[in-house]
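2 protein chains.
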Amino acid sequence: MDTLYRRWLILCLIPRYGNSITVSQIADRLSTRGAERASVRTIQRDLEELSTFPITSELNGRTFHWSWAENARRFDLPVMDPQTALTFHLVREHLTPLLPASSLKYLESYFTTAASILSGNNEMPLAQWRDKVRKISRGLQMEPPSISPGVAEVVYEALLRERCLRVSYRPRSEGTAKEYKELNPLGLVLVGSLVYLVATIGEYTNPLQFLLHRMEEATMLDKPVTVPEGFSLQRYIESGEFSYPVGKETIRLKALFDKDAAAYLHETPLPGLFSLTDDEKEETVLLEAEVLDSLQLRWWLRGFGDSVEVLEPLELREEFKEMAKNLKSIYR
Amino acid sequence: MDTLYRRWLILCLIPRYGNSITVSQIADRLSTRGAERASVRTIQRDLEELSTFPITSELNGRTFHWSWAENARRFDLPVMDPQTALTFHLVREHLTPLLPASSLKYLESYFTTAASILSGNNEMPLAQWRDKVRKISRGLQMEPPSISPGVAEVVYEALLRERCLRVSYRPRSEGTAKEYKELNPLGLVLVGSLVYLVATIGEYTNPLQFLLHRMEEATMLDKPVTVPEGFSLQRYIESGEFSYPVGKETIRLKALFDKDAAAYLHETPLPGLFSLTDDEKEETVLLEAEVLDSLQLRWWLRGFGDSVEVLEPLELREEFKEMAKNLKSIYR
DNA sequence: ATGAATGCGTCAGAAAGTGACGCAATAATG
DNA sequence: CATTATTGCGTCACTTTCTGACGCATTCAT
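Rendered as structure tokens:
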């Protein structure tokens, strides 16, 4: 039999709500793919038959345009198992403060599926799973800035399709939005919960940064993107444009931690850790590690406040000494 | 026609590789659900027919046990769109340093699907999407500790099914693993990249914490879990057991930031922010906000080093003054 | 050894799927 | 405005598939 397979292919061809496909398009694509003959009439009948699935058609002129229903829930095959569902729940906990809502909404249907699996319309109860997982954050919880509806979609699509963008952008300093008629999107950079679009303007070749949440409107143009000669996002970042230089040199770090503060050092492997030596008498822990000499390292170390003493390298110790001096004078 | 629908249900009933289902089980479940009569013979024939899908059977005695093929890729319906695929890619970037590999592997098939969508076996090329998204981390990159294979699965399942666990646990201080014959799993807590299982031992009622990566082996028992009277994970955390007390009181924070350090404050909304006042002359920015008085807040503020001066509340200022004094004496 | 499951081959009637054709409605075209 | 191409849909006859029933062989539990 071929009917089942053909209908399966048809289901795969039907796009999500927002896009649509016509019967004749389906017929074309089907013949391109495996399926053999399939008269247009048959496909019409198939679609009728498939109405057990949440698909809808919209009469546009004399032609039906098919898509999945707006509120259609997603199917997974094989069906999502409880462990995966739990993992999606964890992921959501992790990501909600990290990714802007407009990005996260693409995963919404996966979270919904997970929730319904966990709520167990299945055999087992899985009672109160919501109260079984919690996340504790080490850092301060920020609210991811909200991105105007529609903007993320357009920017993502333009980036993927390598098309230019027209963007209305509200710089921080000014209240009014500025129109950029032609941006060449080059890449996305996530910094914390901020999403930057790296792009060049028109014919210029120097990449600039645009924050997605500062875009009031974005439209994709037909014009293909022009990528500056030799541009690479990785290199662009490494050149320090985001003022988050990750050092390239590693240093031999030696630092003395309070016993309390060091408690979690034992559990979380610092990449390049050499040794952690407990000094029972002094209630201190000596850390030795080969780590990247980065800004991130300084944030991390400073976060410990007076619970850490940087011993080596000497330059870093000097930095901290200087900082200590400054702090003292600030709070005098 | 009913055949298509029945076969669809059968596909849904077939579990992922690892579990399996027999023909008679399928027949039972089918009659429970919508589908009407369906003779066993028909289902056998259906399964044969469905062999276009990556399902396999294993002859166990005289009975076939069906499951999806081990390497079967997942199907999504509707098919994952490029934006969602890109989002999954972002998510992976975010999560790889955060979640242990054994949790993340449940999402592997979703990442694979996303990658194949992005690589475009479709019409459009979506060239070099891998070089179009990068993440820059604010904090120091830690390596999530690796959890023994099989442990996470068992713990997740026991937690979901509310069953007891037998665990072989390697405490930090000792080299040898200790056997816990009966743990009552109560909840999971994520702290950074660490995963804690909160559980009670046997008949005891005081919850303890077990790190998943310290478990060498875990087995699910048949015995149902005993939850201590009135236990709630949320309350347990709030009682400060993880030494990450999130304050319950809010304070009116006033702090003076260096202009440079404050740059990103303008973009990331601190919850409860009142005002950010630039002082052009002094090159400082005054922050006023109503925030939770938490440990996280202190980490965050200390991370700025000498680029911030805490002004109010006075108690907090005193803390920082004290810290400054201590630091000064440390580095003298 | 016996009986209950299970898989599978076969058969015939029932059900469905299919292409072809024709008609109506509609948008595009000249 | 008339014409044409496209699309949807009803119908029909024919083909293919589906399905339950039956029977037989095999295997595991008792």
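Here the protein sequences line up with chains A and B, keeping their order. Numbered according to the numbering used here, the first sequence spans residues 2 to 333. Numbered according to the numbering used here, the second sequence spans residues 2 to 333. For glycine and all other residues, C-beta sits at the position ideal for the given N, C-alpha and C. All figures in this text were calculated on a predicted structure; none of them were measured in a lab.
Going along the chain, which residues of its own chain have a beta-carbon closer than 7 angstroms to the beta-carbon of residue i, five neighbours each way excluded?
| i | result |
| --- | --- |
| valine 199 of chain B | Leu187, Gly188, Val190, Pro208, Gln210, Leu234, Tyr237 |
| glutamate 94 of chain A | Val134, Lys136 |
| asparagine 123 of chain B | Residue placement at asparagine 123 of chain B is flagged as unreliable, the pLDDT there being 49, under the threshold of 50; the coordinate-derived value follows with that caveat. Around asparagine 123 of chain B: no qualifying Cβ. |
| serine 104 of chain A | Ala153 |
| glutamate 334 of chain A | This structure does not reach residue 334 of chain A, given that chain A is present from 2 up to 333, and the question cannot be answered. |
| threonine 285 of chain A | Leu257, Phe258, Asp259, Lys260 |
| alanine 178 of chain B | Ser169, Tyr170, Arg171, Glu217 |
Against chain A, does residue i count as a neighbour if the rule is that its beta carbon must be under 7 angstroms from one of theirs?
| i | result |
| --- | --- |
| aspartate 1 of chain B | Residue 1 of chain B falls outside the range modelled here, since chain B spans only 2 to 333, and no answer is possible. |
| cysteine 165 of chain B | no |
| isoleucine 11 of chain B | no |
| lysine 133 of chain B | yes |
| glutamine 45 of chain B | no |
| proline 98 of chain B | no |
| glutamine 297 of chain B | yes |
| tyrosine 197 of chain B | no |
| arginine 173 of chain B | yes |
| glutamate 124 of chain B | Low local confidence applies: a pLDDT of 45 at glutamate 124 of chain B is under 50, so the model's placement there is unreliable, and no value is given. |
| proline 229 of chain B | no |
| phenylalanine 243 of chain B | yes |
| arginine 139 of chain B | yes |
Which term fits residue i, buried or exposed, when burial requires 16 or more other beta carbons within 10 angstroms of its beta carbon?
| i | result |
| --- | --- |
| leucine 316 of chain B | For the record, residue 316 of chain B in the displayed sequence is glutamate; it is not leucine. So glutamate 316 of chain B ends up on the exposed side. |
| phenylalanine 321 of chain A | buried |
| valine 41 of chain A | exposed |
| methionine 125 of chain A | Its pLDDT being 48, under 50, methionine 125 of chain A is placed unreliably in this model, and the value from its coordinates should be taken loosely. Exposed: under 16 other Cβ atoms inside 10 Å. |
| leucine 60 of chain A | exposed |
| asparagine 20 of chain A | exposed |
| proline 83 of chain B | buried |
| glutamate 1 of chain B | With chain B running from 2 to 333 in the structure shown, residue 1 of chain B is simply not present. |
| asparagine 72 of chain B | exposed |
| arginine 303 of chain A | buried |
| proline 229 of chain A | exposed |
| arginine 253 of chain B | exposed |
| glycine 231 of chain A | exposed |
| leucine 127 of chain A | With a pLDDT of only 49 at leucine 127 of chain A, under the threshold of 50, the placement of this residue in the model should not be trusted; the figure read from the coordinates follows. Its Cβ being crowded by 16 or more others within 10 Å, leucine 127 of chain A is buried. |
| leucine 184 of chain A | buried |
| threonine 206 of chain A | exposed |
| lysine 329 of chain A | buried |
| glycine 193 of chain A | buried |
Would you list the one or two residues that DSSP bridges to residue i?
| i | result |
| --- | --- |
| arginine 333 of chain A | Per DSSP, none; premise fails for arginine 333 of chain A. |
| asparagine 207 of chain A | Answer by DSSP bridge pairing: none, since asparagine 207 of chain A is not bridged. |
| aspartate 77 of chain A | B:Asp77 |
| methionine 324 of chain B | Bridge partners of methionine 324 of chain B: none, in fact. |
| valine 134 of chain A | B:Leu189 |
| alanine 70 of chain A | DSSP lists no partner for alanine 70 of chain A. |
| proline 225 of chain B | B:Arg164 |
| serine 285 of chain B | Residue identity differs from the one stated: residue 285 of chain B is threonine in this sequence, not serine. Looking at the DSSP assignment, threonine 285 of chain B forms a beta bridge with B:Asp259, B:Asp280. |
| isoleucine 252 of chain B | B:Val292 |
Chain B beta carbons: is any one of them nearer than 7 angstroms to that of residue i?
| i | result |
| --- | --- |
| tryptophan 67 of chain A | no |
| leucine 53 of chain A | The displayed chain sequence assigns threonine, not leucine, to residue 53 of chain A. At least one chain B Cβ lies under 7 angstroms of threonine 53 of chain A. |
| methionine 221 of chain A | no |
| glycine 306 of chain A | yes |
| valine 190 of chain A | yes |
| methionine 216 of chain A | no |
| isoleucine 238 of chain A | yes |
| glutamate 281 of chain A | no |
| glycine 273 of chain A | no |
| arginine 303 of chain A | yes |
| lysine 179 of chain A | no |
| arginine 93 of chain A | no |
| arginine 63 of chain A | no |
Any chance the CB of residue i is under 6 angstroms from a heavy atom of the ligand NAP?
| i | result |
| --- | --- |
| arginine 30 of chain B | Although the ligand NAP was asked about, the structure shown includes no ligands whatsoever. |
Residues in its own chain within less than 6 angstroms of residue i by CB, not counting five upstream and five downstream?
| i | result |
| --- | --- |
| histidine 214 of chain A | Pro146, Ile148 |
| glutamate 218 of chain A | Ser169 |
| proline 98 of chain B | Gln142 |
| glutamate 313 of chain A | Lys255 |
| glutamine 26 of chain A | none |
Within its chain, find whatever has a CB closer than 8 angstroms to the CB of residue i; leave out the 5 residues flanking it on each side and keep chain order.
| i | result |
| --- | --- |
| valine 24 of chain B | Val41, Ile44, Gln45, Leu48, Thr64, Phe65, Trp67 |
Using a Cβ-Cβ cutoff of 7 angstroms, what residues of the segment 309–332 of chain B are near chain A? List them in chain order.
Closer than 7 angstroms at the C-beta level to chain A, one finds these residues of the segment 309–332 of chain B: Glu310, Phe321, Lys322, Met324, Ala325, Lys326, Asn327, Leu328, Lys329, Ile331, Tyr332.
Contact residues within the segment 73–89 of chain B, judged by C-beta distance below 8 angstroms to chain A: Ala73, Arg75, Phe76, Asp77, Leu78, Pro79, Val80, Asp82, Pro83, Gln84, Thr85, Leu87, Thr88, Phe89
message: Under 7 angstroms, CB to CB, which of the residues in the segment 253–269 of chain B have a partner in chain A?
response: Listed in chain order, the positions of the segment 253–269 of chain B with a beta carbon within less than 7 angstroms of a beta carbon of chain A are His267, Glu268, Thr269.
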